[in-house]
Amino acid sequence: MTAEVFNAVWLTAQLAVISISLLLVLATPIAWWLAFTRSRMKVPVEALTTLPLVLPPTVLGFYLLILLGPAGWLGSWWVSLTGQTLTFSFAGLVVASMIHSLPFVVQPMRQAFQDMGTGPLEDAATLGASPLDRFFSVGLPQARRGIVTATVLGFAHVLGEFGVVLMVGGNIPGRTKVVSIAIYESVETLDYATAHMLSAGLLLLSFAVLVGVFAANRSIPLKVGQ
Amino acid sequence: MSTGRLDLDFKLVRGGFDLSISEALTLDGVTVLFGPNGSGKSMTLRTIAGLENGASGIVRFDDRDWLRSKTGTFVPPHLRPVAHVFQDARLFSHLDVAGNLAFAQRRAKGNGPAVSRDDVIEIFDIAHLLQRMPHGLSGGERQRVAMARALLTRPRLVLMDEPLSALDVQRRAQALSFIEQIPEQFKVPVIYVTHQIDEVVRLAKQLVLIAGGRIEASGSSAELMSRLDLPPFTGRFEAGSIIEAKVKRQNTEFALTELEIAKGLQIEVPYLDFPDGETVRLRIRARDVSVALSKPKGTSLRNIMPARVEEVREEADTAFAEVRLSVAEQSLRARISRASAQELKLKPGKTVYAMVKATALDRRLLTRR
Numbered sequence: 056m057t058a059e060v061f062n063a064v065w066l067t068a069q070l071a072v073i074s075i076s077l078l079l080v081l082a083t084p085i086a087w088w089l090a091f092t093r094s095r096m097k098v099p100v101e102a103l104t105t106l107p108l109v110l111p112p113t114v115l116g117f118y119l120l121i122l123l124g125p126a127g128w129l130g131s132w133w134v135s136l137t138g139q140t141l142t143f144s145f146a147g148l149v150v151a152s153m154i155h156s157l158p159f160v161v162q163p164m165r166q167a168f169q170d171m172g173t174g175p176l177e178d179a180a181t182l183g184a185s186p187l188d189r190f191f192s193v194g195l196p197q198a199r200r201g202i203v204t205a206t207v208l209g210f211a212h213v214l215g216e217f218g219v220v221l222m223v224g225g226n227i228p229g230r231t232k233v234v235s236i237a238i239y240e241s242v243e244t245l246d247y248a249t250a251h252m253l254s255a256g257l258l259l260l261s262f263a264v265l266v267g268v269f270a271a272n273r274s275i276p277l278k279v280g281q
Numbered sequence: 081m082s083t084g085r086l087d088l089d090f091k092l093v094r095g096g097f098d099l100s101i102s103e104a105l106t107l108d109g110v111t112v113l114f115g116p117n118g119s120g121k122s123m124t125l126r127t128i129a130g131l132e133n134g135a136s137g138i139v140r141f142d143d144r145d146w147l148r149s150k151t152g153t154f155v156p157p158h159l160r161p162v163a164h165v166f167q168d169a170r171l172f173s174h175l176d177v178a179g180n181l182a183f184a185q186r187r188a189k190g191n192g193p194a195v196s197r198d199d200v201i202e203i204f205d206i207a208h209l210l211q212r213m214p215h216g217l218s219g220g221e222r223q224r225v226a227m228a229r230a231l232l233t234r235p236r237l238v239l240m241d242e243p244l245s246a247l248d249v250q251r252r253a254q255a256l257s258f259i260e261q262i263p264e265q266f267k268v269p270v271i272y273v274t275h276q277i278d279e280v281v282r283l284a285k286q287l288v289l290i291a292g293g294r295i296e297a298s299g300s301s302a303e304l305m306s307r308l309d310l311p312p313f314t315g316r317f318e319a320g321s322i323i324e325a326k327v328k329r330q331n332t333e334f335a336l337t338e339l340e341i342a343k344g345l346q347i348e349v350p351y352l353d354f355p356d357g358e359t360v361r362l363r364i365r366a367r368d369v370s371v372a373l374s375k376p377k378g379t380s381l382r383n384i385m386p387a388r389v390e391e392v393r394e395e396a397d398t399a400f401a402e403v404r405l406s407v408a409e410q411s412l413r414a415r416i417s418r419a420s421a422q423e424l425k426l427k428p429g430k431t432v433y434a435m436v437k438a439t440a441l442d443r444r445l446l447t448r449r
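Chains A and B, in that order, are what the protein sequence lines are. So the working numbering is basically just the index in the first sequence, starting at one, shifted up by 55. So the working numbering is basically just the index in the second sequence, starting at one, shifted up by 80.
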C-alpha cells in the first residue's frame, strides 16, 4: 500500500468517526423533537432535515461551497475564528459530511422514538424522572436499535460519499482525498490494482459492519442502564 | 394515614371531548371513580397526575397546589408525590423486574411513608420474578410488578387506571386482593378507575360517579351504590341491590356460609372464607330474586325472606316488572314478569316472601365491609 493510498484510508476513517460522533450529538435531539413535538414548525423542520436525501450531491455540494467559502457566513465566521478557510480543508469535510448524512441518522432514531411512544416516558415521569432523566434513562435505551441503525447508516454513507466531498474538499492528498475519490482517481489513471484493493476493502468493511449490527440487534441486550 | 384531601376544579378539552370536573374529595382508603367508557375517568386521573398539560383550573392536594392556572402554577408530573398504575401495566422493557423496581426506588419522589423494597417484594409476591424481563411476564405478574414499583416512589396518592382490564376473571380476583390491602399496608389513599361493578363492590369505600365529562355524585359507597342502577349508569351491568349482612356460621358439610341480615333472618351463600362476625356487602341481582305470597314448601330455594312490597314498576310493552322490596329495613330489588306482578296483585304495603337461590350469590358479588 502506497503512502498516498494509506493516507486516503486513514483520512476516511477519521472523517467517518468524527462526523458520526458529532452527528449523533446533533441529530438525537432533532429526532427526539420531531418525534414528540406538536409545534407547527415540525413539518418545515422535517422537510429541511430530509432535503440532503433528495438533492443531487452536486447541488448540495455547490451550496455548501458557497456557505463554507470565505465569503459565506459560516465560512467567514470560521476564518475569523481560526484564520483558515473551511473549504478544501478537513474541517470543511466534516461539516459537509454531517449535513449530507443528517437524514440517514435522524430518520431511524426518530422512528425508534416514535415506536417507543409517550407511554414509557409518562411512566417514567410518574416514577419521578425529570425530562432530561427520561431522555437518558428511558428514551435512549428504548431506542437503542434505532440508534445503532442510524450510526451504521450514517457511517456507511460518510464512507461512500463522493460528490459533496469533491465539491467542498477537492482532492488534496492527506487533507481531503478520501477513499471514494481515491478509487475514482485510480480508475481514471487506469491503476486498477489500487481501485480493486480500495473497493474490495470498502465492500468487506460494509458487509462486516452490517452483519455485526444485525447479529447484535437479534440478541436484545438485557440490561442497558437503569 | 391513608387519607388525603383532593380539590379539583378544572376543565380540559381534548379531541372534541369536554371534561369539566369540580369536586372536593376527602380520600380515605380506596375511592373508586366509576363511569361508562369515554366518560372522562382516565383523563381526570391523568390531570391529577399532571400528564395532561392542557388542563386549566385547580388541582390541589392536601393544601399544595399542583395546578393553579391563574397564578401559572403547574407542578410537573415527576415532582408530584403521585404514583400511577396504568391500564396496560407499562413496565420498562429494557430493564428486568429488579431494574424496574430500582428505577422507581432511586427516584423516590414522594415524602410519603417509607416503603422498603423487601416489603413490596413480599406483599406483591414477586421475589421469583426479579431477574425476569417484562415481556416474559403474565398480565397479572406485570400488574403486581407495576404496583410494587409505583409504591416504591413513596407516594402520597396512588392512582390506578383500570389495572385489571387485561386480566381474566380468576386473575382479577387475585389481583383485587392485592389492591385491597394497599391503603392499609402502605398508608396511602388510592383512586381507582373502573367501569366494572364487581370491582366497585369489592373495593370502594368511597365512590365518585362520572358520566359525560361531569361528576354526577360522590360520597360513601354504601350511600351511592343504589345510584349505580340509575341512568346514565344503568345498562352497564345488571340491576341489583346491596344488602349488608354478618357472617354467622360456616356449614362445612355442605360448603355453605350462613349470613345474618337481621336478627333471626339468615341466608346461605356458597362457602366464604371470612371469619364469623365479619360484616359483608352482598350484591343481589334483581333477576335472581323471585316473589311468593306464601312461604313455599318443598323447594330447592334456600333463601326465603319475609319482605314488604315498597313499589311496583311495570315496564310498559315489555315482559318485565321491577319490584322494590324491603327486607329487614334493607332495600331489595326483584325483576319478575309483568304477568306475575298482576296475578299476585303486588301492591305497596303487601307482605310477601322474597326468594334467592343460594348459588346465585357468588364470590364476585361479595365484599368485606
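We put the CB at the ideal spot given by N, CA and C, even for glycine. Predicted model, so just to flag it, every value in this text is computed and none were measured.
For residue j and residue i, believed in contact at Cβ under 8 Å, the rounded distance
{"i": "residue 364 of chain B", "j": "residue 239 of chain B", "result": "The Cβ separation is near 31 Å, so there is no contact."}
{"i": "residue 112 of chain B", "j": "residue 274 of chain B", "result": "6 Å"}
{"i": "residue 238 of chain A", "j": "residue 254 of chain A", "result": "6 Å"}
{"i": "residue 200 of chain B", "j": "residue 231 of chain B", "result": "5 Å"}
Alpha-carbon to alpha-carbon, residue j and residue i
{"i": "residue 399 of chain B", "j": "residue 374 of chain B", "result": "23 Å"}
{"i": "residue 265 of chain B", "j": "residue 172 of chain B", "result": "25 Å"}
{"i": "residue 258 of chain B", "j": "residue 242 of chain B", "result": "14 Å"}
{"i": "residue 297 of chain B", "j": "residue 118 of chain B", "result": "17 Å"}
{"i": "residue 163 of chain A", "j": "residue 260 of chain A", "result": "21 Å"}
{"i": "residue 73 of chain A", "j": "residue 243 of chain A", "result": "29 Å"}
{"i": "residue 131 of chain B", "j": "residue 183 of chain B", "result": "19 Å"}
{"i": "residue 213 of chain B", "j": "residue 180 of chain B", "result": "9 Å"}
{"i": "residue 412 of chain B", "j": "residue 366 of chain B", "result": "8 Å"}
{"i": "residue 250 of chain B", "j": "residue 159 of chain A", "result": "49 Å"}
{"i": "residue 267 of chain B", "j": "residue 108 of chain B", "result": "10 Å"}
{"i": "residue 96 of chain B", "j": "residue 195 of chain A", "result": "34 Å"}
{"i": "residue 421 of chain B", "j": "residue 327 of chain B", "result": "33 Å"}
{"i": "residue 225 of chain B", "j": "residue 197 of chain A", "result": "19 Å"}
{"i": "residue 133 of chain B", "j": "residue 89 of chain A", "result": "19 Å"}
{"i": "residue 213 of chain A", "j": "residue 219 of chain B", "result": "46 Å"}
{"i": "residue 228 of chain B", "j": "residue 322 of chain B", "result": "32 Å"}
{"i": "residue 206 of chain A", "j": "residue 272 of chain B", "result": "44 Å"}
{"i": "residue 138 of chain B", "j": "residue 410 of chain B", "result": "40 Å"}
{"i": "residue 217 of chain A", "j": "residue 168 of chain A", "result": "31 Å"}
{"i": "residue 316 of chain B", "j": "residue 154 of chain B", "result": "With a pLDDT of 44 at residue 316 of chain B, under the threshold of 50, the modelled position of that residue is not reliable, and the figure given next carries that caveat. When rounded, the distance between both Cα atoms is 36 Å."}
Status (buried if at least 16 other CB within 10 Å, exposed otherwise) for residue i
{"i": "residue 63 of chain A", "result": "buried"}
{"i": "residue 146 of chain B", "result": "buried"}
{"i": "residue 289 of chain B", "result": "buried"}
{"i": "residue 279 of chain B", "result": "buried"}
{"i": "residue 133 of chain A", "result": "buried"}
{"i": "residue 151 of chain B", "result": "exposed"}
{"i": "residue 370 of chain B", "result": "buried"}
{"i": "residue 435 of chain B", "result": "buried"}
{"i": "residue 251 of chain A", "result": "exposed"}
{"i": "residue 247 of chain A", "result": "exposed"}
{"i": "residue 282 of chain A", "result": "What the structure shows of chain A is the stretch from 56 to 281, and residue 282 of chain A is not part of that stretch, so it cannot be assessed."}
{"i": "residue 378 of chain B", "result": "exposed"}
{"i": "residue 223 of chain B", "result": "buried"}
{"i": "residue 385 of chain B", "result": "buried"}
{"i": "residue 393 of chain B", "result": "exposed"}
{"i": "residue 67 of chain A", "result": "buried"}
Own chain, CB closer than 7 Å to residue i, minus 5 neighbours either side, in chain order
{"i": "residue 85 of chain A", "result": "104, 161"}
{"i": "residue 329 of chain B", "result": "338, 356"}
{"i": "residue 451 of chain B", "result": "Beyond the ends of chain B as shown, which are 81 and 449, falls residue 451 of chain B; an answer cannot be given."}
{"i": "residue 100 of chain B", "result": "91, 293, 294"}
{"i": "residue 209 of chain B", "result": "177, 217, 221, 225"}
Sequence-distant residues of its chain with Cβ nearer than 6 Å to residue i (five each side left out)
{"i": "residue 269 of chain A", "result": "none"}
{"i": "residue 119 of chain A", "result": "151, 223"}
{"i": "residue 241 of chain A", "result": "249, 250"}
{"i": "residue 219 of chain A", "result": "112, 115, 116, 151, 155"}
{"i": "residue 169 of chain B", "result": "222, 223, 226"}
{"i": "residue 271 of chain A", "result": "none"}
{"i": "residue 232 of chain A", "result": "63, 226"}
{"i": "residue 211 of chain A", "result": "261"}
Spatial neighbours of residue i in its chain, beta-carbon cut-off 8 Å, leaving aside the 5 residues before and after
{"i": "residue 129 of chain B", "result": "157, 160, 162, 164, 239"}
The stretch 119-138 of chain B contacting the stretch 187-198 of chain B, beta-carbon criterion three pairs below 8 Å: no
The stretch 141-148 of chain A in contact with the stretch 106-115 of chain A per 3-pair CB rule at 8 Å: no
Stretch pair the stretch 190-203 of chain A + the stretch 237-252 of chain A: three plus CB contacts closer than 8 Å: no
Cβ contact (3+ pairs, closer than 8 Å) linking the stretch 119-135 of chain A and the stretch 69-84 of chain A: no
Three CB pairs or more closer than 8 Å across the stretch 132-143 of chain A and the stretch 173-182 of chain A: no
Interfacial residues, the stretch 186-206 of chain A to chain C, with Cβ spacing under 9 Å: Structure shown: chain C not included; protein chains present are A and B.
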